[in-house]
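Below: one structure, written as structure tokens.
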Amino acid sequence: MLAKLILIRACTYDLAELDFSHGDAMQLVGGNNVGKSSMIYALNFLFVINRKRMSFMGRKPADKTTMEYYFPTAENSFVVFEISKRGRKYCILVWRDGGGNACYGRLEHAYERGLFFEEEDGGLQPLSLSALRRKWLLQGIKLTILKNNPEIFRTVYHTGKANDAAVWLRSSGHGRGAEGFSKLYRYLIDTRLIDDTALREILLLADHRSEDKLSYSGINLSDIERLRKLKAQADLLHKNQDKFAQFRDGYQRLASDQEELNQMAAAFRFHSTQIRAEMEVNQHRYQEDLLNGQEQLARIQAKYQEVQREIGALQAQKRSGQQQLESIQKSIADIKALPTEDFLHNSRENIQAAVNNLQFQLTELGQLKISPAELKARIAKSQQRIAQLSQQRDNLANWLIFHLAERDEDRQLLNAVLSPATARLDAAALRKKITSTDTLVKLFDGALELPKDFKLPELPNPEQIAAEIAEEQEKLTRNERLLQAAQNRAELEKEVQDNRQKLATIQSQLQQIANLPQLESQAQEQVATQQEQATQLETLESDSRRLTEDLRLRNQEQELLREKQRDYKNREQRIMNWLRKLESFQLDTQKTVYTPTGQAPPDLERLFNELEKRYMQLKELLNSTRSAFEFLRRDLLSETADEATFIEETDQAYKGLDDQEKVIDSLVDSIGQRFANPASDFLHQYGLFRDFINQKFNRSLAKLHISNIEALRIELVPNDRLQTDLRKIGELDLSSNSLFGGERGGLTVLRRYIEQGKDIDFSDLFSLQLKLTIAGKEKTVDLSKQVESDGTDRMLRLVIVMQVISRLVDLSPENRIVMFIDEIATIDGKNRPQLVDFCREHHFYPIFAAPEMVEGFDRYVLINRMSNKRLVVEEGKHYVDVERNPAL
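Listed below in structure tokens is the structure:
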């Protein structure tokens with residue numbers, strides 16, 4: 083497949099690198115006229131190759147202007163296609179020479195930037211073709227120049243997978259797959275080229291019929307005229323030849339057939355009398371054998387019924403024991419499938435602990451009898467108290483009192499001195515008044531005496547506050563737990579009930595494990611009993627089979643005897659019926675004498691059937707001979723009244739036709755081979771093509787979902803006049819009689835086509851119509867005009883061309899076809915995912931283009947001119963890849 087597209091000093095790009103290895107679709111993002119379309123239209127040089135078929139932006143051909151646009155400098159501008167197939171990569175290079183012609187070469191190496199550029203001042207300097215060839219020669223990389231279009235086509239296209247061509251084609255049987263793909267890709271690049279005529283060409287390419295034609299030029303009419311003259315002379319005798327031969331043969335057979343019939347009648351009478359006498363004796367003997375056999379059959383039947391009763395009783399015992407064994411084995415299997423005994427004990431302890439914890443919560447909630455509102459109030463109070471204590475703890479380290487003294491006793495005393503309690507002491511405690519104040523506090527110069535019973539207030543410390551916080555937190559946690567229990571009391575009670583049920587289940591499983599040894603012992607005993615019963619049953623069944631076989635043989639013998647009796651009676655009745663019917667034939671056998679040969683007597687039924695058949699044939703032969711004689715006399719204008727004389731005269735007339743018949747046959751074969759057979763085959767090929775459209779192509783179109791189009795099909799409209807003419811010509815080789823039968827239309831039509839020297843193309847056999855069903859109504863559309871909306875129109879044309887291309891190429895991930903879909907905004911958001919899905923399923927890699935990024939693609943390539951007006955697109959800088967889940 084095409085893995086990369088690289089433009090080097092091509093179009094308006096200094097360098098553009100597109101890598102198609104990521105995901106299923108790519109969008110080129112850039113402003114109008116930045117060069118998005120120009121970059122992708124370079125695909126013409128790989129997939130179309132023939133410059134006459136190339137179509138560029140605005141339907142421009144690959145003329146001199148276009149070549150100079152894509153390759154501004156001869157042998158210095160390149161379009162490089164990296165191909166990846168079967169684990170190897172190589173490049174196909176395109177450049178132009180001084181005369182403006184496209185040149186191709188194959189480089190046996192994957193694309194690397196260093197192979198085409200030299201680094202210079204931190205940048206990349208592109209090289210000319212001659213410099214590149216020197217560089218590659220030094221590196222041992224081979225460049226093969228592709229000298230003409232056939233060599234290029236063989237490099238790009240190849241049938242089958244045993245090669246590294248860019249595109250693997252399916253075998254068409256016509257050898258024109260590459261040409262067909264090249265023509266189709268032109269329509270894929272520019273779907274607006276598709277009108278009804280182009281669609282007809284596309285479908286012919288899909289079935290490899292674009293070159294088929296039928297030619298009637300430069301052919302001589304002399305053989306047809308000669309055949310007409312000879313055939314007119316022979317018509318009269320040909321018309322009556324078979325009838326005359328039948329009449330002659332019938333006349334000659336009449337006498338011999340009559341004598342043979344009389345002999346057969348005499349033989350039948352003799353052997354039927356003899357066989358009836360033998361049958362009488364055998365009937366009596368068979369009756370005695372039947373009576374003796376009936377007595378033996380009754381004795382065997384009685385013994386058989388006794389054995390069957392014993393088998394039935396033993397089978398009932400065995401079934402009951404088997405059911406018990408299966409029940410025990412199932413119990414053992416169920417027990418062995420249980421968890422281990424230690425695991426069950428641990429699970430029981432864990433579940434019991436959970437039950438106890440839940441039960442404790444429910445019990446505590448029931449004893450306290452506190453409403454949820456009260457619990458919420460307590461929780462709020464605890465949260466407030468914790469916040470206060472936490473703030474006090476956080477501020478405690480900053481209190482001055484903790485820094486005025488080192489010992490806790492001194493701090494407590496200072497706290498008391500500085501507290502309101504000291505300020506409110508009795509005035510008698512004063513010893514010296516303060517006379518001087520300063521900002522530096524030393525209790526100034528005053529003095530006071532504290533009472534001996536002065537009570538020192540508690541001074542909080544961080545440890546005490548932390549303890550209070552922990553105590554308050556414990557109360558908070560307890561109340562929150564109680565609140566949750568109160569709010570979810572029903573769920574807790576259900577959880578307790580469920581856990582108790584689990585405990586009961588675990589206890590049951592432990593009991594089952596304890597019973598396992600006893601069950602295994604019971605199973606062994608039951609197996610032994612089953613084996614003993616099986617042995618007894620086998621013995622009885624052997625006796626039953628023996629008795630059954632005896633009964634079958636005895637019954638078979640009796641039935642055979644009865645069948646023989648019935649057969650004898652039926653045979654005797656049939657013989658009597660045959661004799662009565664023989665009398666009705668009224669054959670004259672008085673002079674006929676039958677002498678037995680001594681061999682085994684003949685089969686009477688076969689003999690009578692043959693006799694009756696010969697009688698009817700003789701009767702029919704006599705009537706037909708008389709009728710044929712009268713007809714032939716009249717039709718051949720004969721006056722002869724005697725059958726023998728008439729036969730002799732007519733034989734002589736037919737002997738002269740042999741040579742004339744050979745000439746006529748030779749002319750018929752020649753005309754059939756040169757004219758009729760090709761016309762018939764041409765119509766047959768049209769029928770195959772019609773079946774292909776109706777049964778295969780339309781079936782694939784029916785699976786497509788495009789916008790509001792409910793159904794899509796192509797209808798062939800046959801060219802009735804042309805097909806009728808060819809059908810008349812084709813019927814010329816069916817038989818020699820058809821050449822001049824009826825209105826002789828085939829020869830007249832053939833003469834007209836030969837005189838005109840006209841060639842008939844396969845496409846002349848039909849025209850076609852594209853039918854769409856919308857809102858339940860089918861309509862015919864004209865592809866020369868827009869079909870529905872712009873987006874629906876483009877998608878419709880795209881999927882038709884892609885369907886055809888899918889028939890020409892090998893569908894595989896390694897053979898994906900890169901294609902360009904410009905103006906993505908014209909395809910609505912509903913159709914875009916469908917189009918991408920269609921491309922992925924049929925192994926196409928679509929490249930879309932739009933000014934803004936549109937959701938739904940795997941890789942976005944950003945194209946913007948740099949500040950120095952240069953246009954460069956590099957792999958590592960301008961790609962945005964999206965990882966998508968293929969299943970979504």
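Just so you know, our numbering puts 893 at position 811 of the sequence shown, and the rest follows in order with no gaps. Yeah, the Cβ is synthetic: ideal placement off N, Cα and C, and Gly gets one too.
Residues near residue i by beta carbon distance below 6 angstroms, same chain, minus five either side
i       : result
Leu-917 : Met-877
Ala-244 : none
Leu-270 : Val-883, Met-901
Leu-689 : Phe-350
Asn-165 : Residue 165 is actually Ile in this sequence, not Asn. Here the set comprises Tyr-172, Ala-248.
Lys-167 : Asp-246
Arg-135 : Arg-268
Residue i, enclosing alpha helix (DSSP H) - first and last residue
i       : result
Thr-630 : 571-666
Phe-920 : 913-923
Val-881 : 872-890
Ile-811 : 802-812
His-960 : 957-960
Pro-232 : 231-238
Arg-216 : 211-220
Leu-783 : 780-784
Option nearest residue i by Cα separation, candidates the options
i       : options                            : result
Asn-801 : Ala-572, His-366, Asn-776, Leu-765 : Leu-765
Leu-601 : Tyr-368, Lys-412, His-320          : Lys-412
Asp-717 : Arg-252, His-320, Ile-887, Phe-153 : His-320
Leu-396 : Ala-419, Glu-614, Asn-477, Asn-581 : Glu-614
Ser-845 : Ile-836, Tyr-768, Gly-839, Leu-865 : Tyr-768
Phe-811 : Ala-85, Ser-297, Glu-620           : Note that residue 811 is Ile in the sequence shown here, rather than Phe. It is Ser-297.
Glu-813 : Ala-758, Gly-262, His-787, Gln-334 : Ala-758
Lys-695 : Leu-852, Glu-731, Glu-342          : Glu-342
Asp-649 : Gln-365, Ala-931, Pro-533, Glu-157 : Gln-365
Lys-859 : Tyr-152, Cys-185, Asn-790          : Asn-790
Ala-511 : Leu-500, Pro-533, Gln-494          : Pro-533
Phe-780 : Lys-867, Val-962, Val-881          : Looking at the sequence itself, residue 780 is Asn, so the reference to Phe does not match. If we check each option's Cα against that of Asn-780, Val-881 comes out closest.
Gln-340 : Phe-263, Arg-252, Leu-693, Arg-291 : Leu-693
Proximal residues to residue i (C-beta, below 7 angstroms), its chain only, five neighbours per side dropped
i       : result
Ala-567 : Gln-443, Leu-444, Leu-447, Leu-574
Leu-407 : Ala-605, Gln-608, Val-609, Gln-612
Thr-727 : none
Leu-798 : Arg-772, Ile-775, Phe-848, Leu-850
Leu-953 : Thr-94, Tyr-95, Asp-96, Gly-117, Arg-947
Through-space distance from residue j to residue i, alpha-carbon basis
i       : j       : result
Thr-273 : Asn-126 : 14 angstroms
Arg-401 : Ser-603 : 20 angstroms
Lys-971 : Ala-347 : The chain is shown only over 83 to 970; residue 971 falls outside these bounds and no answer can be derived.
Ala-498 : Arg-467 : 25 angstroms
Leu-564 : Glu-423 : 36 angstroms
Ile-856 : Asp-910 : 18 angstroms
Ala-247 : Glu-896 : 11 angstroms
Arg-91  : Tyr-123 : 15 angstroms
Leu-890 : Leu-266 : 10 angstroms
Ala-735 : Ser-709 : 21 angstroms
Val-955 : Val-863 : 42 angstroms
Arg-330 : Ala-337 : 13 angstroms
Glu-392 : Gln-618 : 10 angstroms
Leu-286 : Ile-887 : 12 angstroms
Ser-820 : Ser-706 : In this prediction, Ser-820 has a pLDDT of 47, which is less than 50 and means its spatial position is unreliable; nothing more can be read from the coordinates.
Leu-719 : Arg-662 : 46 angstroms
Glu-934 : Asp-203 : 35 angstroms
Start-to-end residues for the beta strand (DSSP E) that takes in residue i
i       : result
Thr-707 : Where Thr-707 is concerned, there is no enclosing beta strand (DSSP E), although the alpha helix (DSSP H) it sits in stretches over 686-717.
Arg-941 : 941-944
Asp-843 : 841-843
Arg-947 : Element bounds for Arg-947: n/a, residue is neither H nor E.
Lys-171 : 170-178
Glu-200 : 199-202
Lys-859 : 859-863
Cut-off 8 angstroms between Cβ atoms - residues of its own chain near residue i, not counting five sequence neighbours on either side
i       : result
Lys-646 : Asn-364, Tyr-368
### Query
Which ranges does the alpha helix (DSSP H) cover as unbroken runs of at least 4 residues, wholly within the stretch 87-156, from first to last along the chain?
With a minimum length of 4 residues, the continuous alpha helix (DSSP H) runs that stay inside the stretch 87-156 are 118-122, 126-129, 146-152.
### Task
Please specify which runs of the beta strand (DSSP E), each continuous and at least 3 residues long, are wholly inside the stretch 243-287, giving them in chain order.
Complete beta strand (DSSP E) runs here, min 3: 249-251.
### Query
In chain order, which alpha helix (DSSP H) runs of at least 4 residues are fully inside the stretch 726-768?
Correct list: 740-753.
### Task
Mind listing, in chain order, the continuous beta strand (DSSP E) runs of no fewer than 3 residues lying wholly within the stretch 428-474?
If we require 3 residues or more, the stretch 428-474 turns out to have no beta strand (DSSP E) run fully inside it.
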